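Participant: Protein sequence lines correspond, in order, to chains R and U. The numbers in our numbering rise by one with no breaks, and the one at position 6 of the first sequence is 6. The numbers in our numbering rise by one with no breaks, and the one at position 315 of the second sequence is 1315. Every residue, glycine too, gets a C-beta built ideally from N, C-alpha and C. All values derive from a computational prediction rather than experimental measurement.
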Amino acid sequence: MITLEGVTKVYRMGRIEVPALQGIDLHVDRGEFVAIMGASGSGKSTLMNIIGCLDVPTNGRYILDGTDVARLGDDELAKIRNRKIGFVFQSFNLIPRTSALHNVEMPLIYMGRDAPAGESGRTERAREALGAVGLADRIHHQPTEMSGGQQQRAAIARALVTNPAILLADEPTGNLDTASSVEIMRLLSELNAEHGRTIVLITHEQDIARFAKRVVELRDGLIVRDEKVAA
Amino acid sequence: MNLYEALRMAVNGLLANRLRSALTMLGILIGVTAVIMLVAVGNGESIQINNQIQSLGANVIYVYPSNARGAGGISQGFGTGQSLTQADVDALNTRQQDPDVVAAIPIAQSGGQITYGNQNYFAPTTGTTPDFPMVRDYQIAEGSFFTADDVTANHRVVVIGQTVVDNLFGSTDPIGQTIKISRQSFRVIGVFAPKGGTGFGSQDNVVVAPITTVWAYLTGARGKVVSQIVASATSAGTVTQAETEITTILLERHQIANPSQADFQLQSQQDILNQATSIATTLTVVLGAIAGISLVVGGIGIMNIMLVTVTERTREIGIRKAIGARRRDILVQFLIEAMVLSGLGGALGIAVGALLAHEAPSLPALANSSFPTPVVSVPSVLLAFFVSVAIGLFFGIYPANRAARLHPIEALRYE
């Protein structure tokens, strides 16, 4: 599903070159639930940006669902993000003043011709996705009218609505209280276990990483640990 | 993303900041209102001038003597020459060489105090021939015009305009009354129907007498001068041919080989109309351009607000990019937002401008002045609308492009 080979990323800060990733080899199969861990500055955000096709590696190959995305242009990357990746962010990142339903519908709008036909088809898909995360009764609520946990569930519905190859969750519980965190992690586990969703989770919390089936630890831009854990 | 989706996003974006959107729209609204109003006034002015000139008689061609030249070739001013004669008029009326001329009449002007009883009034007295009403497009309201016999016999008869009637006679019937012009007695035999029209001298402030009578009793020592010849062409379309024919005949009669040395000059109603129209058009363009400046100012307002909006919504742009919006999608979204702002402002401006133009003539301050009735033309409305949308497009490009170029990672990190 995901194959990274010798991926490096160097940021240029003025004249100084800062290496963020120093050669990552990583393979994630379909149906895996991987937690990527590491302290801040370990390169995990950079890795997530590359896996999420928000950024391209300086060197190396990145094959996502059969497509080499390392050398794609902006518009192709946008298309990959739209079809193959579902993002879940720490701060939910729902669009303000817009109902949950319309937020979830949005990736389908950018899908263009491949989207379910017509407005009604889209709305139907968005409704289903919201139902799947247990928000069937909140579809017309705006982000400000929902709790943090509900907002994150709406964000998960938005990530899933295009039926992407992977779900990429960046500190999804970072802004949530413990109860909501557990609730969200259970939802992710369930999506992985029951629907076979491939999930890549970025976190620095051991408690959260425990929900994953495999833990990859980064330090100074290199993988220092990669092991399967019992669920 | 289709147009409907883009419009829905744009409207949502604008509704999120109602006051700001309304104020930005106001800039365009005022600009468009100004354009519509001022162009309408310009149009009204143009139509008014047109009507006035048309009322002077259509198809009319004036022949003036060239400027007389004194010793050493010093010009003595327009129409001061005395090169035209009654014989020229007769030649033009033979109609063999000038089939496109219906009739030509001589004009001899004389000023003079006119008195009736204890009333007195000043009006120019025009000496001419019986074709005058036809050539100058006057109708007789009462009595009759003088005849060829009156001309031959120097009869002291006059036909007067409504303004003269009003000033001298009040409610008395002027027909058959005797008035005095420069202390000579004349009998009123007819009254012209009012022609209206203001400016260029009222068409109703006239006293018309046989040209021979004017020569005999009024112009005195100046002799049998024809100060101008007025000819009418068969139609507006034949004015140019008629002018050529008149020129040919007069050059031949005056034995002038080189047309640039002609001792007379022609001016048609069409020439006057063209001049006046071009002045009115210039006026309209200048007014429109001044108003257009305020449109540009409105456009800069849109650009300013769009830049603020793009900065404020950096994070939203990042989210949209993360979930698959391409550069083009973001560009279109913000462009449409700018165009909806300016287009809506433009449409409201057209409505306000048209309303003002419609109501202006009934304002007390303007009701009795010669302020022209503004005429809102369809092309100016369409132009104003498309220009305002184009302004949104033009001034929206930079902010929208800035939004579209944002890097998704940086945009997502923006607080």
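Check whether the Cβ of Tyr62/R lies closer than 7 Å to any Cβ atom in chain U.
Facilitator: no
Participant: I want to verify the contact list: residues of chain R whose CB lies under 8 Å from the CB of Glu1005/U, in sequence order.
Facilitator: Chain R residues near Glu1005/U: Ile109.
Participant: Determine the direct distance from the alpha carbon of Ser1083/U to that of Val1157/U, and round the result to whole angstroms.
Facilitator: 28 Å
Participant: For Thr3/R, collect the residues of the same chain with a Cβ closer than 7 Å to its Cβ; drop the 5 residues on either side in sequence, then sort them by chain order.
Facilitator: When the five nearest sequence neighbours on each side are left out, the beta carbons in the same chain lying within less than 7 Å of the beta carbon of Thr3/R are those of His27 and Ile63, in order along the chain.
Participant: List the residues of chain R whose Cβ lies closer than 9 Å to the Cβ of Ile1028/U, in chain order.
Facilitator: Neighbours of Ile1028/U on chain R: none; closest Cβ ~24 Å, over 9 Å.
Participant: Can you check DSSP and say which residues form a bridge with Thr203/R?
Facilitator: Met37/R
Participant: Using a 10 Å radius around the Cβ and a threshold of 16 neighbouring Cβ atoms, would you call Glu1243/U buried or exposed?
Facilitator: buried
Participant: For Asp75/R, decide whether its Cβ has a neighbour in chain U, counting only Cβ atoms nearer than 7 Å.
Facilitator: Yes, Asp75/R lies at the interface with chain U (some Cβ there is under 7 Å from its Cβ).
Participant: Tell me the DSSP bridge mates of Gln1184/U?
Facilitator: Ile1181/U
Participant: By the criterion of Cβ-Cβ separation under 9 Å, what are the contact partners of Lys79/R in chain U?
Facilitator: Gly1324 and Arg1326
Participant: Could you tell me whether the Cβ atoms of Leu167/R and Gln22/R are closer together than 7 Å?
Facilitator: no
Participant: Pro1408/U versus chain R: which residues are under 7 Å apart at the beta carbon?
Facilitator: Leu54
Participant: Can you tell which of Ser1021/U, Thr1024/U, Val1039/U and Phe1395/U has the C-alpha that lies nearest to the C-alpha of Pro1372/U?
Facilitator: Val1039/U
Participant: Counting only beta-carbon separations shorter than 7 Å, does Glu1415/U have a partner in chain R?
Facilitator: no
Participant: Figure out for me which residue from Val229/R, Ala136/R and Arg197/R has the closest Cα to the Cα of Asp207/R.
Facilitator: Among Val229/R, Ala136/R and Arg197/R, the Cα nearest to that of Asp207/R belongs to Val229/R.
Participant: Using a cut-off of 8 Å between C-beta atoms, extract the partners of Asn1012/U located in chain R.
Facilitator: Arg97 and Thr98
Participant: So, is Thr162/R buried or exposed, given that buried needs 16 or more other C-beta atoms within 10 angstroms?
Facilitator: buried
Participant: Identify the continuous beta strand (DSSP E) that holds Met13/R and give its terminal residues.
Facilitator: Ile2 to Met13
Participant: I need the straight-line Cα distance from Gly1161/U to Ser1144/U, nearest angstrom please.
Facilitator: 13 Å
Participant: Can you have a look at Phe1200/U and say buried or exposed, based on whether 16 or more other CB atoms are within 10 angstroms of its CB?
Facilitator: Low per-residue confidence applies at Phe1200/U: pLDDT is 46, beneath 50, and the placement is therefore not dependable, though the value from the model is reported in the following sentence. Under this definition Phe1200/U is an exposed residue.
Participant: Considering just the uninterrupted stretch of the beta strand (DSSP E) at Leu1015/U, what are its terminal residues?
Facilitator: From DSSP, Leu1015/U is part of no beta strand (DSSP E) but of the alpha helix (DSSP H) over Leu1003 to Leu1015.
Participant: Using a Cβ cut-off of 9 Å, which residues of the stretch 5-31 of chain R contact any Cβ in chain U, in chain order?
Facilitator: Those would be none; no residue qualifies.
Participant: In the DSSP output, which residue or residues are listed as bridge partners for Gln1275/U?
Facilitator: Per DSSP, none; premise fails for Gln1275/U.
Participant: Since Glu1245/U and Asp1088/U are thought to touch, with beta carbons under 8 Å apart, how far apart are those beta carbons, to the nearest angstrom?
Facilitator: Rounded, the Cβ-Cβ distance is 13 Å, inconsistent with contact.
Participant: The alpha helix (DSSP H) spanning Asn1401/U covers which residue range?
Facilitator: Val1378 to Arg1405
Participant: Chain U partners of Asn82/R, CB-CB under 7 Å?
Facilitator: Those within 7 Å of Asn82/R in chain U are Ile1323 and Gly1324.
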